[in-house]
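Those letters in the sequence shown? Residues 666 to 821, by my numbering.
Backbone N, C-alpha and C fix where the C-beta goes; we use that ideal spot for every residue, glycine too.
Please read these numbers as outputs of a predicted model, since none were measured by experiment.
Working notes for the structure below.
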Amino acid sequence: CHSGQALALLTDASKAERDVLGAMGYSGNEVVLHQDASVMPVRPEVWASWNYHAPLGATQASLTYYMNRLQGFASTQPVLVTLNDAGTIDENLVLKRVHYEHPVFDAAMLAAQGRHGEISGVGRTHYCGAYWRYGFHEDGVVSGLRVVDALVANGA
666 CHSGQALALL TDASKAERDV LGAMGYSGNE VVLHQDASVM PVRPEVWASW
716 NYHAPLGATQ ASLTYYMNRL QGFASTQPVL VTLNDAGTID ENLVLKRVHY
766 EHPVFDAAML AAQGRHGEIS GVGRTHYCGA YWRYGFHEDG VVSGLRVVDA
816 LVANGA
């Protein structure tokens, strides 16, 4: 779960737990699974796994993952995942819309990450999640393995 969700589960959170877990912010992102190639570069041969689009004057960039390349899909149709669509995706080509919360890696988050050892393992409570590293799924696994190592080291 996210850091704020972990904090909400604690009935007796310490000051350090409140400070560390409470400092980790999140940003909502709409994620669209679709097949609208119009959000990609004009020439398909230059399509990358991650394709950024930041129009002049926009407040945020959009990002489109080219899943055919990332996941090795053999489909002749593009399978695309776009975060923060600016309303350019053809609704007829949308397969699914989902709302996610992603960690915000600001100064407070980076400082909180450095305090993991102050709270994890204290009072037999350990913390893991992708937010302890770079926010990717793999980081959640690495973080979980760090907890496993701590448990094994303590004879749990």
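Candidates the options: closest to residue i by CA position
i: V704; options: V813, P743 and H802; result: P743
i: Q899; options: T741, G800 and G693; result: No answer is possible for residue 899: the residues shown for the chain start at 666 and end at 821.
i: G690; options: A773, H764 and G809; result: A773
i: V813; options: G786, A673 and F801; result: G786
i: A681; options: R798, D771 and T790; result: T790
i: R697; options: T729, G794, H802 and Y796; result: According to the sequence displayed, residue 697 carries Val and not Arg. The candidate whose alpha carbon is nearest that of V697 is T729.
i: P768; options: E756, T753 and A777; result: A777
i: S808; options: E756, Y796, G752 and Q736; result: Y796
i: R762; options: F770, G752 and S679; result: G752
Where residue i falls: helix, strand or coil (DSSP)
i: G809; result: helix
i: W712; result: coil
i: S703; result: helix
i: S727; result: strand
i: R683; result: helix
i: Y765; result: strand
i: L745; result: strand
i: S740; result: coil
i: H848; result: Residue coverage of the chain in this structure runs from 666 to 821, which leaves residue 848 outside it and unanswerable.
i: N819; result: coil
Anticipated Cβ contact below 8 Å, residue i with residue j, distance rounded
i: R792; j: A671; result: The residue you asked about is not Arg; residue 792 is Tyr in the sequence shown. Correct: roughly 6 Å between the Cβ atoms.
i: Y731; j: A713; result: 7 Å
i: G779; j: S668; result: Contact doesn't hold; Cβ gap of about 14 Å is too wide.
i: E695; j: D750; result: 7 Å
i: I754; j: H802; result: Incorrect: roughly 24 Å between the Cβ atoms, too far for contact.
i: L745; j: D701; result: 7 Å
i: S727; j: L748; result: 6 Å
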